[in-house]
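There are 2 protein chains.
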Amino acid sequence: MKKFLETPINSEKVFSGRLLQVFLDKVLLPNGRTSTREYIKHQGAAVIIPVHDGEILLVKQYRYPIRQVMLELPAGKIDPGEDAYTTIQRELGEETGYTSEHIVALQPIHPCVGYSNEIIHLYIATDLQKSDLLPDDDETLEVISLPLNKALEMVYSGEISDSKTIIGLFWADKLRMDDNLRKRFGISLG
Amino acid sequence: MKKFLETPINSEKVFSGRLLQVFLDKVLLPNGRTSTREYIKHQGAAVIIPVHDGEILLVKQYRYPIRQVMLELPAGKIDPGEDAYTTIQRELGEETGYTSEHIVALQPIHPCVGYSNEIIHLYIATDLQKSDLLPDDDETLEVISLPLNKALEMVYSGEISDSKTIIGLFWADKLRMDDNLRKRFGISLG
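Protein chains in written order, with the numbering used here: chain A, 1204 to 1393; chain D, 1204 to 1393.
Written out as structure tokens, the structure reads:
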């Protein structure tokens, strides 16, 4: 660790928005020189692989930064003080209309290590139950149910390009094929 | 597309750094209301899966935004006017000390659709040759060669958490197992 470490000299908040907190830090590099680091402080997020009737539920939504409609696994930002499990229970309900009492944590991922401290907690849900929750009306979403093989084909063709979604689909594929991995995470795919 | 579309009303650059360009846009939502969108404009990046002697080359480096040493596939930002293939040839040499004349494009990924327009072009390299290039001395890197199964185990254990790296490793695993997928992308794993 020590030979890699970059030590902060000072830190300036250069933009404070509703979503993004942007920082510009001066750092001391391991070679004794100084440099700057620009990055986002993010509250973290959670994403879930909802398995229903042997298929995966995905949501279609517009992503303004890339000006494209994307097909993604349900996900959402963690509210201040909230734990990721609570976030994902809520987002699963709001985005898909289903709830689950069988939500299992896989491993968290870092989407953007170059310029964001965001961590995304990854979950899988089985035994989905129809919920009465109303969808969050700030979001325009469409739920799509796809066989896993079809979703993986959309990864290979480039039609699914969202990184947290690709990771979730590959995990689902591994869990499907590997009894030991399912046992290790305590998952039953029914 | 139309029912999802968010139309820009105005756009303000709120921070212009060496790396990050941060924008705050006012948008018209499909439901007729307005909202704001905060996001990064990024020049794009490229990442590569270097396959050498049946193992995968990874690089260990410090990532200041998350204050952790990360194990990642070699990657780098696309310079202005550069194509992603040129970027990845350069980064492969600078970060690992190897070059390859067998670099094949897989599918690009979007790491952070919520707040960045970044696209990362994903490549795989085989038939690596030792290069005489000197490493880029602004970066403190250590090259690690791992069998794919060991690297995948580090994904399941959470030791590898960088999203572009996880995606590259899962792609490598699929390409290893699936003749048709290799043929489709014109890849020979030797």
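All C-beta atoms, glycine included, are put in the ideal place defined by N, C-alpha and C.
- A straight-line Cα-Cα distance of about 38 Å links LEU1232 (chain A) and LYS1229 (chain D).
- Residues of the segment 1313 to 1330 of chain D that bring their beta carbon within less than 9 Å of a beta carbon in chain A comprise HIS1313, PRO1314, CYS1315, VAL1316, GLY1317, TYR1318, SER1319, ASN1320, GLU1321, ILE1322, ILE1323, in sequence order.
- Within the segment 1261 to 1297 of chain D, the runs of beta strand (DSSP E) at least 3 residues long that lie entirely inside it are, in chain order, 1271 to 1275, 1278 to 1280.
- Separation of THR1343 (chain A) and LEU1261 (chain A) (C-alpha to C-alpha, rounded to the nearest whole angstrom) is 13 Å.
- Beta-bridge analysis with DSSP links PRO1233 (chain A) to no other residue.
- Counting only residues of its own chain and dropping the five nearest sequence neighbours on each side, ASP1330 (chain A) has a CB closer than 8 Å to the CB of SER1303, GLU1304, HIS1305, GLY1393.
- Distance check between ASN1320 (chain A) and each of D:LEU1295, D:GLU1345, D:ARG1240, D:PRO1314 places D:PRO1314 closest, using alpha-carbon atoms only.
- Interface criterion not met: the Cβ of SER1348 (chain A) is under 8 Å from no Cβ in chain D.
- The Cβ-Cβ distance between GLU1294 (chain A) and ALA1328 (chain A) does not fall below 8 Å.
- Going by C-alpha positions, GLY1389 (chain A) is about 16 Å away from ILE1251 (chain A).
- In this structure, ASP1365 (chain D) lies near VAL1316 (chain A), with their beta-carbon atoms less than 8 Å apart.
- Any Cβ of chain D closer than 8 Å to the Cβ of ARG1293 (chain A) would place that residue at the interface, and such an atom is absent.
- Three or more beta-carbon pairs separated by less than 8 Å link the segment 1217 to 1225 of chain A to the segment 1235 to 1244 of chain A, which places the two stretches in contact.
- Cβ atoms of GLU1285 (chain D) and SER1348 (chain D) stay farther apart than 8 Å, at about 28 Å.
- Here the C-alpha atom of ALA1278 (chain A) lies approximately 21 Å from the C-alpha atom of ASN1234 (chain D).
- SER1334 (chain A) places its beta carbon less than 8 Å from that of TYR1301 (chain A).
- Of the residues D:LYS1263, D:TRP1374, D:ILE1323, D:TYR1267, the one whose Cα lies closest to the Cα of ASP1282 (chain D) is D:ILE1323.
- With its beta carbon at least 8 Å from every one in chain A, ARG1379 (chain D) lies outside the interface.
- In the structure shown, LYS1244 (chain D) falls within a strand segment according to DSSP collapsed to helix, strand and coil.
- When DSSP reads this structure, PRO1311 (chain D) sits in no beta bridge, so it has no partner.
- Listed in chain order, the non-local C-beta contacts of PHE1218 (chain D) below 7 Å within the same chain comprise VAL1225, local neighbours out to five positions each way being set aside.
- For GLN1246 (chain A), no Cβ of chain D is located within less than 8 Å of the residue's own Cβ.
- Around ARG1240 (chain D), the same chain offers ASP1228, VAL1230 as residues with beta carbons nearer than 6 Å, after the five sequence neighbours per side are excluded.
- ILE1370 (chain D) is a Cβ neighbour of ILE1369 (chain A), given a cutoff of 8 Å.
- Counting along the chain, TYR1326 (chain D) sits inside the beta strand (DSSP E) bounded by residues 1323 to 1333.
- Put simply, the CB of VAL1225 (chain A) is near chain D, with a gap under 8 Å to one of its CB atoms.
- Only buried fits LYS1367 (chain D), as 16 or more other CB atoms lie within 10 angstroms of its CB.
- Less than 8 Å separates the beta-carbon of LYS1263 (chain D) from that of LEU1274 (chain D).
- For the options A:GLN1271, A:PRO1211, A:LYS1206, A:LEU1384, the alpha carbon positioned closest to that of GLN1310 (chain A) is the one of A:LEU1384.
- By the neighbour-count definition (other C-beta atoms within 10 Å, threshold 16), THR1237 (chain D) is an exposed residue.
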